[in-house]
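Okay, structure first, notes after.
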Amino acid sequence: MDRRKSTSQDVLKSQARRLRARIALTVGLSSAGCAAAGTQDDGSTITVATVTSDPTATAQATTATSPTATSEATEVATGPDPAATTTSATTTEGSAVRLRRPGWKSGANYCLGRSDANPSGKDCGTIPPFDALRTIPDQPNGMYGFELDPDATSAERKKIADACCFRVIRPRLGRPLRTGDSERTPIRAEIVRRPEWTEDTGRFLAAGAPSEERRAAARAWIDDALLEHASAAEFARLSLSLLALGAPPELVRQAHEAALDELRHATIAFSIASDLEGAPVGPGTLPVERSRVDTDFVSLVEACLLDGCIGEMLASLEAATAAEHCDVPTIREALTSIADDEAKHAGLAYAIVTWALEAAPLEARRTIAGMLQTVRAALVQELELTNAERPERPVSVATWGRLDPTDAARVHHACVKDVVLPLLSALAA
Ligand SMILES: [Fe+2]
Ligand SMILES: [Fe+2]
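Going by this note's numbering, the sequence shown opens with residue 63, and the numbers climb by one from there.
Given below as structure tokens:
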């Protein structure tokens, strides 16, 4: 079943570069502007902690205020993994924090222990006490940010009394319909037994003996299927927003086409899940009343930025990588086609943001420019914080088309560094 294959960083990098070039070409972004992750090409100030593996090193900071800061910012994204427990950093205000990584959980969390250089840091409470985190302001509507993890903090404080652990809030794969409140939670249908959303039984996989591995893969495919199903609704919502804001017909047409793509993805995912389970599964009703149609440019761009420019790009690279390592030809072919569609949807998101930057009222354009800067800063900081999450592996597998969490984290990192950040930098230029 497993298709064992060498998975050098080079393969992933070349996939990422192809994806970046495709989007840049589609949207007409300058390839020069897409050259380096972390570039601050608008003269803005973004604080980036410089990673060092030397535990005795004094803190340093890169405040990217000029083109000369670019190489240092890039080094943050590409530098060697830091020592497991001792990475120092300084913020623009000169105080230092010590990042500790023993508390990593599910690739998204990290812990901070207060350093001697910052003895006056506030208690965690619900607000990150460290200046390093203050470079990322609290954002409305579930944008990129951090939140305290009380359980991880309690566990970590058994080892370090003043440790604080946080969860990274970041976009997930794809572009599902979300609630219209500040949580922006994906809206999913209930899963039900029904045959209409599955193709012919055995289309993707022959029947097999029930096993825990098979059930786990089925659950993962059902998760994906529900998100794909919700994505069809999201593109219906997007088309209404575009019409409300006077978008050109080409963008509206592409939104409708994307909804049809998502229906196809949902059918594929439900079919694979059904083959794994040996019984048909499909969606129940979708509570769309929990969503809302955006009728202002800022909300439109926020959704496009987080779920389109980032989320769909992640979905594309993850599907392409899973296809690369999948041994089942039918699933591999489906993943390849999904990866292609998701890249197209990401391109649509970039096109919408580009259009909004031209068409929106001045005040909204300013807000959007600030949003771009905030998200870029958060991504740069995430790269620094997650640098230790990328162990090189001799082989990778994607049994039944599912990447394991380690490979998924590696894809996420490469996508942010080599695709999303360069494109967002070009967009902001
Ligand atoms: Fe999709
Ligand atoms: Fe999509």
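Here a beta-carbon is modelled for each residue, glycine too, at the ideal position from N, C-alpha and C.
Remember, it's a predicted structure, so these values are computed and weren't measured experimentally.
Measuring C-alpha to C-alpha distances from Leu434 to each of Leu289, Gln71, Cys366 identifies Cys366 as the nearest. The nearest non-hydrogen atom of ligand 1 is less than 8 Å from the C-beta of Glu324.
The C-alpha of Ser216 is placed about 46 Å away from the C-alpha of Leu302. Beta-bridge pairing by DSSP links Ile253 to Pro345.
Residue state for Pro391 is assigned as helix, using DSSP reduced to three classes. Residue environment for Val254: exposed (fewer than 16 other C-beta atoms within 10 angstroms of its C-beta). Apart from sequence neighbours up to five positions away, the residues of its chain that approach Leu397 with a beta-carbon distance below 7 Å are Ala381, Ala384, Ala385, Cys388, Gly463, ordered along the chain.
Here Pro248 is bridged, per DSSP, to Arg240. Separation of the CB atoms of Phe359 and Ala422 is rounded to 4 Å, and the pair is thereby assigned contact status at 8 Å.
Counting every other CB atom within 10 Å of its CB across the protein chains shown gives Gln71 a total below 16, marking it as exposed. Judged by DSSP secondary structure, Thr461 falls outside any alpha helix (DSSP H); it is assigned neither H nor E. Between the stretch 290-302 and the stretch 312-331 there are three or more inter-stretch CB-CB distances shorter than 8 Å, so the stretches are counted as touching.
Assigned with DSSP and collapsed to three states, Leu307 falls in coil, not helix or strand. Distance from the C-beta of Glu374 to the nearest heavy atom of ligand 2 is below 8 Å. Sixteen is the threshold: when 16 or more other Cβ atoms of the shown chains lie within 10 Å of the Cβ of Asp403, as they do, the residue is buried. With contacts defined as CB atoms closer than 9 Å, Thr436 and Asp337 fail to qualify as a contacting pair. For Ile400, the shortest C-beta to heavy atom distance toward ligand 1 is below 8 Å. Here Glu339 has Ala280 as same chain residues with Cβ atoms under 7 Å from its own Cβ, once five neighbours each way along the sequence are excluded.
In the structure shown, the three-state DSSP call for Asp358 is coil.
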